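A quick write-up on the structure given underneath.
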Amino acid sequence: MEFNFKFQPISFSWVAVHPRPLGIINFIGEVGFGAFPTIFYRHFLKGLYYQGYTIIARPIYSHWNCWTGAINLMNESLNYNLFSGIFAEAKRLGYNSEIYLKNYNSKQLNNFWLGHGLGCQYLILLEIISNLNQEKYRIFLNEYLDKKQTKAINEYFNLIQDKQFSIINEPSIFISPKIIGGCKTLNQLTEEEIYNLIKYSDLFNCLGMIVPEKSHYTTKNIKDLKQNVPQDLYKLISEKNPGNHFSPLFFSSKQVQLEKSVIRILKLLEERLKSSIG
1 MEFNFKFQPI
11 SFSWVAVHPR
21 PLGIINFIGE
31 VGFGAFPTIF
41 YRHFLKGLYY
51 QGYTIIARPI
61 YSHWNCWTGA
71 INLMNESLNY
81 NLFSGIFAEA
91 KRLGYNSEIY
101 LKNYNSKQLN
111 NFWLGHGLGC
121 QYLILLEIIS
131 NLNQEKYRIF
141 LNEYLDKKQT
151 KAINEYFNLI
161 QDKQFSIINE
171 PSIFISPKII
181 GGCKTLNQLT
191 EEEIYNLIKY
201 SDLFNCLGMI
211 VPEKSHYTTK
221 NIKDLKQNVP
231 QDLYKLISEK
241 NPGNHFSPLF
251 FSSKQVQLEK
261 SVIRILKLLE
271 ERLKSSIG
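Laid out in structure tokens, this is it:
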């Protein structure tokens with residue numbers, strides 16, 4: 001079957017449908033570049049596509065309020081038009097299409113999230129949103145956050161409590177993550193509060209990280225993240241890449257190595273999930 005890498009606008013995302021997909025990679029890019037993922041990340045996402053994955057590139061047009069952006073991502077993930085549109089496009093092209101209906105209707109082991117730089121903030125917020133339906137986590141928020149932040153998060157919870165959203169069993173990979181700064185809402189949280197949100201979550205056991213060797217742009221973020229991600233059940237899977245923070249943006253041999261690292265970590269996380277729930 002011929003492989004034809006091409007992004008199609010479906011719902012509010014850009015989708016490259018694979019003929020025989022092993023899974024689905026949802027991608028969120030760095031500030032600025034992430035607004036146009038099909039341009040700035042084209043070579044990088046193309047490499048992942050040819051490894052056997054349908055790519056859903058989720059544009060982020062504003063980084064001034066990450067909570068609003070995260071809720072928009074959540075709504076898009078729950079949007080029937082997205083997966084029904086991908087299903088219809090796959091059928092039209094004569095591709096394997098069953099995976100998309102399974103993905104929409106039930107929790108499968110084939111849906112992955114990939115963030116670069118500030119895009120990783122959105123993945124953290126999606127994890128937190130997944131936890132908001134747990135009463136014990138909301139009690140924790142009241143204890144560890146100031147009243148202003150607790151009120152804001154409770155307001156967001158009221159918006160999503162009927163959505164039944166969760167990314168449990170959907171592994172995430174952070175590429176050169178920048179956790180602090182860049183978003184107005186997260187800047188209103190202290191650094192301690194942000195990492196408490198991560199530390200006391202139940203959902204960061206399916207996380208991988210790729211760390212660039214030649215960039216100091218996110219060094220502190222990476223160090224603090226490693227210290228605060230829950231590792232009681234599983235150790236954080238982390239790999240170094242010989243490139244720098246901007247390696248996903250420019251085609252090079254280092255970008256090719258980055259693609260291989262992503263696929264390698266995805267496979268490890270998938271095996272971890274299978275062993276933990278099977």
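Reminder that position 77 of the sequence shown reads as 77 in this note's numbering, one-by-one numbering, no gaps. We treat Cβ as the ideally placed atom computed from N, Cα and C, and that holds for glycine. Computed from a predicted structure; not experimentally measured.
Original post:
Does DSSP put K240 in a helix, a strand or coil?
Top reply: strand
**OP:** Specify the secondary structure class of I56 as computed by DSSP and reduced to three states.
**Re:** strand
Subject >> Any 3 or more C-beta pairs closer than 8 angstroms across the region 107 to 124 and the region 52 to 71 >> reply: yes
Subject >> Beta-carbon gap between L273 and G208 smaller than 7 angstroms >> reply: no
Subject >> C-alpha distance - S13 paired with L225, whole-angstrom precision >> reply: 29 angstroms
Original post:
Thinking C-alpha only, which one of T54, S77 and P37 is nearest I167?
Top reply: S77
Original post:
Who are the Cβ neighbours of V15 in its own chain at under 6 angstroms, not counting the five residues just before and after it?
Top reply: Q8, I56 and I86
Original post:
Which residue or residues does DSSP assign as beta-bridge partners of F174?
Top reply: G115 and M209
**OP:** Whole angstroms is fine: what's the gap from N154's alpha carbon to I265's?
**Re:** 34 angstroms
Subject >> Span of the beta strand (DSSP E), counted from its first residue to its last, around S11 >> reply: Neither: S11 is in no beta strand (DSSP E) and is coded neither H nor E.
Subject >> Same chain, Cβ closer than 6 angstroms to E239, neighbours up to 5 away in sequence not counted >> reply: I210 and S261
**OP:** Have a look at N187 and F44 and give me their C-alpha separation to the nearest angstrom.
**Re:** In this predicted model, N187 has a pLDDT of only 46, less than 50, meaning its place in the structure is not dependable; the value taken from the coordinates is given anyway. Taking the straight line from one Cα to the other gives about 30 angstroms.
Subject >> Buried/exposed call for F112, threshold 16 Cβ in 10 Å >> reply: buried
**OP:** Take N241 as the anchor and find which of A90, R20, P212 and L93 has the nearest alpha-carbon.
**Re:** P212
Original post:
Under three-state DSSP, which class holds I24?
Top reply: strand
Subject >> Integer-rounded CB distance, given that L114 should sit under 8 angstroms from I173 >> reply: 5 angstroms
**OP:** Per DSSP, which residues does A16 bridge with? Please list them.
**Re:** I55
**OP:** May I have the straight-line CA-CA distance separating S84 from L126, to the nearest angstrom?
**Re:** 22 angstroms
Original post:
Taking the C-alpha atoms as reference points, what is the distance between N81 and K91?
Top reply: 15 angstroms
Original post:
So, Y234 versus N205, is the Cβ gap smaller than 7 angstroms?
Top reply: yes
**OP:** Please look up how many angstroms separate the CB atoms of L123 and I28, rounded, as I've assumed it's under 8 angstroms.
**Re:** 7 angstroms
Original post:
Going by Cα to Cα distance, which pick from N96, L73 and S253 is closest to R20?
Top reply: N96
**OP:** Consult DSSP for I168 and reduce its assignment to one of helix, strand or coil.
**Re:** coil
Original post:
Where Q51 and N244 are concerned, what is the direct C-alpha to C-alpha distance, given to the nearest angstrom?
Top reply: 22 angstroms
**OP:** Could you spell out where the alpha helix (DSSP H) holding G34 opens and where it closes?
**Re:** Looking at the DSSP string, G34 is not in any alpha helix (DSSP H), and its letter there is neither H nor E.
Original post:
Looking at the unbroken alpha helix (DSSP H) that takes in F83, where does it start and where does it end?
Top reply: Y80 to L93
Original post:
To the nearest angstrom, how far is it from the Cα of P59 to the Cα of I25?
Top reply: 14 angstroms
Original post:
Just reading off the alpha helix (DSSP H) that F44 is part of, what are its end residues?
Top reply: R42 to Y49
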